[in-house]
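Taken in order, these protein sequences are the chains called B and A. Be aware that the first sequence starts at 5, since it is given in the numbering used here, and climbs by one per residue. Be aware that the second sequence starts at 20, since it is given in the numbering used here, and climbs by one per residue. Think of the CB as a built atom: it goes at the ideal place given N, C-alpha and C, for glycine as much as any other residue.
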Amino acid sequence: MGRIGGTGMTDLIFYALSALAIWSGWRVFRVDSMIRATFALMVSFISVGGIAVLMSADYIGVATVFMMAVEMMVMGLFMVMFMMNPAGLNPMQMVHQYKFSIGAGIMGFVGLTTAVLLTNFPDNPLPENRDTLRDLGIELLGGSMLIFETAGVTLLATMVGAVALSSRRGRFGDSDVGAAPPGLHPGGEPAGRKVEKGGGHGGHGGHGGHQMMAEKTKPNSNDDPHEGHGNMPEMEA
Amino acid sequence: MTLTAILIVAAALFGIGLFGALSQKSFVMLMMGLEMMLNGTLLAAVGFWAFTLEGAPKGQLLAVLVMAVMAVELAIGFALVVAVYRKRQADVIEGIGTMKQ
């Protein structure tokens, strides 16, 4: 197809799409409304799909665009259900361990980039006149059919699992029967920590820095409408 | 458009996703961070296929698998969010502190 390594136009589109993918990816965590975050993520995915099409991975690119368009619509629906901040009228800062996260993100980027720059990759680019789409179709329904079918069966199992997890009632009673530990004596309190008190931090000394980080950083959500419900032991601590 | 440039873009997307997954309080925003990390992974997989395999179609199967992982993560993640919310009225991570061991 000859779209690789070629003209300056391809490079230009690639850099534009890359900038768009990274910028909208960054906007996902900076915008005030979760719906806008969803659409920003969709733009990022569509840009990556475009880059895949530039690299002659037509099937992957187009499938990414279609899949992500649908997936982000579903995600937007759930965002409305769980939105802290309808319509994004107030600044939304629902973050914790903020500095640690920034550090981890930058470290991830720098580490991966260093690894990329220091590695000698083999250089076997796509031949000019290879029909990648036909190749992929024959591979998917030929030699690698098992992988393809495994992905399909995994998706089927996911559907069953999602229905089982989100259903209120199972065949034999409430779906969360058995989720609580049994009592010390019949009908009594279960052993271990009380759910409603939230326990405190004595029981989990094994986790290292990230918990300490969460305690040090103050929860700085200034528009948290959910303070009343739910038990948030971290905030009281 | 070189393999190095593509991998650096993928690393940037992965880093942003890591930041989001670690910093966000809301479950759904945390899942968006995970999706962003998978986004970078997908880009890197396609880049490796296009520049190092001479177009062998088997290389694209990794990208197909990444897309399946994305769908699984979204479906199971939302089912878990619904289940946790129904049980504990919690929609932020601090709300399920009692699940810690």
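Identify the contact partners of A:Leu99 in chain B, using a Cβ-Cβ distance below 7 Å as the criterion.
For the purposes of this step, residue 99 of chain A is taken as the residue at position 80 of the second sequence. The contacting residues are Leu169.
Contact check, B:Phe113 vs A:Ala30, beta carbons under 8 Å
Residue mapping note: residue 113 of chain B aligns to position 109 of the first sequence, counting from 1. Residue mapping note: residue 30 of chain A aligns to position 11 of the second sequence, counting from 1. Yes, the Cβ-Cβ distance between B:Phe113 and A:Ala30 is below 8 Å.
Cβ-Cβ separation, B:His189 to A:Ser42 (assumed contact under 8 Å), whole Å
To locate residue 42 of chain A, count along the second sequence from 1; it is residue 23. To locate residue 189 of chain B, count along the first sequence from 1; it is residue 185. Contact doesn't hold; Cβ gap of about 44 Å is too wide.
Residues of the segment 41-54 of chain A in Cβ contact with chain B at a cutoff of 9 Å, in chain order, please.
Listed by position along the chain: Leu41, Ser42, Gln43, Lys44, Ser45, Phe46, Val47, Met48, Met50, Met51, Gly52, Glu54.
Please state whether DSSP places B:Arg173 in a helix, a strand or coil.
Counting from 1 along the first sequence, the entry for residue 173 of chain B is found at position 169. Under the three-state reduction of DSSP output, B:Arg173 falls in the strand class.
Residue burial classification, B:Gly29 (beta-carbon count within 10 angstroms, cutoff 16)
Position 25 of the first sequence holds residue 29 of chain B. By the neighbour-count rule (16 or more Cβ atoms within 10 Å), B:Gly29 is buried.
So is B:Ile110 buried or exposed if we call it buried at 16+ other beta carbons inside 10 Å?
Position 106 of the first sequence, counted from the start, is the residue given in the question as residue 110 of chain B. Burial call: exposed.
Would DSSP call A:Gln43 helix, strand or coil?
Working through the second sequence from its first residue, we reach residue 43 of chain A at position 24. Secondary structure at A:Gln43: strand, using DSSP grouped into helix, strand and coil.
Take the Cβ of B:Asp127 as the centre, count every other Cβ of all protein chains shown within 10 Å, and call the residue buried at 16 or more, exposed below.
The residue given as residue 127 of chain B occupies position 123 in the first sequence. B:Asp127 counts as exposed, since fewer than 16 other C-beta atoms from the protein chains shown sit within 10 angstroms of its C-beta.
So is A:Thr60 in contact with chain B if we call contact Cβ pairs under 8 Å?
For this step, residue 60 of chain A is matched to residue 41 along the second sequence. Output row for A:Thr60: interface = no.
Using a C-beta cutoff of 8 Å, does B:Trp30 count as contacting chain A?
For the purposes of this step, residue 30 of chain B is taken as residue 26 along the first sequence, with counting starting at 1. Closer than 8 Å to some Cβ of chain A, the Cβ of B:Trp30 qualifies, so yes.
For A:Asp110 versus B:Phe86, is the C-beta distance shorter than 8 Å?
For the purposes of this step, residue 110 of chain A is taken as the residue at position 91 of the second sequence. For the purposes of this step, residue 86 of chain B is taken as the residue at position 82 of the first sequence. Yes, the pair counts as a contact, with Cβ atoms nearer than the cut-off.
Is the distance from the Cβ of A:Ile27 to the Cβ of B:Thr118 below 8 Å?
Numbered from its first residue, the second sequence carries residue 27 of chain A at position 8. Numbered from its first residue, the first sequence carries residue 118 of chain B at position 114. No, the Cβ-Cβ distance between A:Ile27 and B:Thr118 is not below 8 Å.
According to the neighbour-count rule (16 or more other Cβ atoms, all chains shown, within 10 Å of its Cβ), is B:Pro131 buried or exposed?
As a first step, residue 131 of chain B is located in the first sequence; it is residue number 127 there, counting from the start. Counting C-beta atoms within 10 angstroms of its own C-beta, B:Pro131 has fewer than 16 neighbours from the protein chains shown and is therefore classed as exposed.
At the 8 Å Cβ level, is B:Phe43 part of the contact set with chain A, yes or no?
Sequence index remark: in the first sequence, residue 43 of chain B carries index 39 (1-based). Closer than 8 Å: no.
B:Leu58 versus A:Ala98: straight-line alpha-carbon distance, rounded:
Stepping through the first sequence from its first residue, residue 58 of chain B is reached at position 54. Stepping through the second sequence from its first residue, residue 98 of chain A is reached at position 79. In this structure, the straight-line span from the alpha carbon of B:Leu58 to that of A:Ala98 is close to 35 Å.
Note down the Cα distance separating B:Ser225 from B:Met98, rounded to an integer number of angstroms.
What you label residue 225 of chain B is simply residue 221 of the first sequence in a count that begins at 1. What you label residue 98 of chain B is simply residue 94 of the first sequence in a count that begins at 1. Confidence at B:Ser225 is low in this model, with a pLDDT of 43, below 50, so its placement is unreliable and no value can be given for it.
What's the C-alpha gap between A:Ile112 and A:Ser45?
The count along the second sequence starts at 1 and reaches residue 112 of chain A at position 93. The count along the second sequence starts at 1 and reaches residue 45 of chain A at position 26. The C-alpha of A:Ile112 lies about 6 Å from the C-alpha of A:Ser45.
Which chain A residues sit within Cβ distance under 9 Å of B:Pro126?
For this step, residue 126 of chain B is matched to residue 122 along the first sequence. Those within 9 Å of B:Pro126 in chain A are Phe70, Thr71, Leu72.
Under a Cβ-count criterion, where at least 16 other Cβ atoms within 10 Å of its own Cβ denotes burial, should A:Met12 be classed as buried or exposed?
Because chain A in this structure spans residues 20 to 120, residue 12 of chain A falls outside the shown range and cannot be described.
For B:Met72, is the classification buried or exposed, using 16 other Cβ atoms within 10 angstroms of its Cβ as the cut-off for buried?
As a working note, residue 72 of chain B is residue 68 in the first sequence. It is buried - the Cβ of B:Met72 has at least 16 other Cβ atoms within 10 Å.
What does the alpha-carbon distance come out to for the pair A:Val101 and A:Ala94?
To locate residue 101 of chain A, count along the second sequence from 1; it is residue 82. To locate residue 94 of chain A, count along the second sequence from 1; it is residue 75. One C-alpha to the other measures close to 11 Å.
Quick one: grab the DSSP three-state call for B:Arg135.
For the purposes of this step, residue 135 of chain B is taken as the residue at position 131 of the first sequence. In the sequence as presented, Arg is not what sits at residue 135 of chain B; that position holds Asp. Coil at B:Asp135, not helix or strand.
Which of the three DSSP states, helix, strand or coil, is assigned to B:Gly6?
In the first sequence, residue 6 of chain B corresponds to position 2, counting from 1. Its pLDDT being 46, under 50, B:Gly6 is placed unreliably in this model, and the coordinates cannot settle the point.
Find the nearest neighbour of B:Phe104 within the set A:Phe33, A:Leu22, A:Phe38, A:Thr21, judged by alpha-carbon distance.
As a position in the first sequence, residue 104 of chain B is number 100, starting the count at 1. Ranking A:Phe33, A:Leu22, A:Phe38, A:Thr21 by Cα distance to B:Phe104 puts A:Phe38 first.
Would B:Ala56 pass as a contact of A:Val65 if the rule is Cβ separation under 8 Å?
By 1-based counting over the first sequence, the position of residue 56 of chain B is 52. By 1-based counting over the second sequence, the position of residue 65 of chain A is 46. Contact: yes.
Determine the chain A residues that contact B:Asp15 at a beta-carbon separation under 7 Å, and present them in chain order.
Counting from 1 along the first sequence, the entry for residue 15 of chain B is found at position 11. Going along chain A in sequence order, the residues near B:Asp15 (Cβ under 7 Å) are Met20.
What is the C-beta distance between A:Leu61 and A:Val91, in whole angstroms, given that I count them as a contact (C-beta under 8 Å)?
Stepping through the second sequence from its first residue, residue 61 of chain A is reached at position 42. Stepping through the second sequence from its first residue, residue 91 of chain A is reached at position 72. Going by Cβ atoms, the distance from A:Leu61 to A:Val91 rounds to 14 Å, so no, they are not a contact pair.
Three-state class that DSSP yields for B:Val35 in the structure shown:
Locating residue 35 of chain B in the first sequence gives position 31, where the first residue counts as 1. When secondary structure is reduced to three states using DSSP, B:Val35 falls in the coil class, being assigned neither helix nor strand.
Please classify B:Glu75: is it buried, with 16 or more other beta-carbons within 10 angstroms of its beta-carbon, or exposed?
What you label residue 75 of chain B is simply residue 71 of the first sequence in a count that begins at 1. So B:Glu75 ends up on the buried side.
Contact under 8 Å by Cβ, B:Ser148 with A:Leu81
Translated into positions along the first sequence, residue 148 of chain B becomes position 144. Translated into positions along the second sequence, residue 81 of chain A becomes position 62. No, Cβ-Cβ distance for B:Ser148 and A:Leu81 is not below 8 Å.
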